[in-house]
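J.: Please find one structure pasted underneath; my questions will follow.
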Amino acid sequence: MKFATLSIAAVAMAAGVVSANSGLPDKLQVGVKYRPDKCDDKSHAGDLLAMHYTGTLADGTKFDSSLDRGQPFEFTLGVGQVIKGWDKGLRDMCVGEKRKLKIPPSDGYGARGAGGTIPPNAHLIFEVELLEIKGPRAAAAAAKNAHGDL
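Going letter by letter, the sequence shown gives residues 1 to 150 in full-length UniProt numbering.
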C-alpha cells in the first residue's frame, strides 16, 4: 500500500500536477467568477488596464488590495510591468469580468519573495476585476460600438 501511494505521488509530480512540498498546483490556474453577458472588447497584450484586486497567500493572509486604497491599479498587459501570472492570467478578459488567479512561485515572485510581505517561493491567490481597458485600441472599439460599422 505504501508503494502504491508513493507511486501515485511520483506520477502526479512528474506530470506537473502538484509541487513537491506543498500539494499546491505548480501551474497557473485561472477561474472565471463572473463574466458579463455582453463583451465588446477583450484585454490583449499592450492594453492599459485598470483593475481592482486583492492578493492573498495560500494560507489566506492578505498582503495587498487596491480596494483598501480605493484606487484601481493601472498597468500595461503583457510587457512585464507585473508578475508573469498576471500577464498570462488576465488575457482575453472582458470589462466587468472577475477572475481568481492561483499563481505558483514560478509565475509570481519566485525564490526572492517581495518586500518582506511575500515570502520566498510563495503561492499567490488574486481576486481581480477588470474595470476598464484604456488606450487607442479600446477607444477605437468604443467608437465602433457607438456608431456601428461604417
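All C-beta atoms in this analysis are idealised placements derived from N, C-alpha and C, irrespective of residue type, glycine included. Predicted model, so just to flag it, every value in this text is computed and none were measured.
#1: Taking all protein chains shown into account, do 16 or more other C-beta atoms lie within 10 angstroms of the C-beta of K102, making it buried, or fewer, making it exposed?
#2: Pull up the DSSP beta-bridge partners for K27, would you.
#3: Spell out whether any CB of chain C is found under 7 Å from the CB atom of A58.
#4: Using the Cβ count rule (16 or more neighbours within 10 Å means buried), how would you classify N21?
#5: What residue does the alpha helix (DSSP H) around G60 start on, and which one ends it?
#6: Provide the residue span of the beta strand (DSSP E) that contains K84, from first to last.
#7: Classify C39 as buried or exposed, calling it buried when 16 or more other Cβ atoms lie within 10 Å of its own Cβ.
T.: Concretely, from the data shown:
#1: Locating residue 102 in the sequence shown gives position 102, where the first residue counts as 1. Label assigned to K102: buried.
#2: Along the sequence shown, read from residue 1 onward, the residue named residue 27 stands at position 27. Answer by DSSP bridge pairing: none, since K27 is not bridged.
#3: Considering every chain present, this structure includes no chain C. It has just one protein chain.
#4: Within the sequence shown, the letter at position 21 stands for residue 21. In this predicted model, N21 has a pLDDT of only 49, less than 50, meaning its place in the structure is not dependable; the value taken from the coordinates is given anyway. Counting Cβ neighbours within 10 Å, N21 comes out exposed, since fewer than 16 surround it.
#5: Position 60 of the sequence shown holds residue 60. Where G60 is concerned, there is no enclosing alpha helix (DSSP H), given that its DSSP letter is neither H nor E.
#6: Position 84 of the sequence shown holds residue 84. That residue, K84, is in no beta strand (DSSP E); its alpha helix (DSSP H) goes 84 to 89.
#7: Residue mapping note: residue 39 aligns to position 39 of the sequence shown, counting from 1. The residue in question, C39, is exposed, as its Cβ has fewer than 16 Cβ neighbours within 10 Å.
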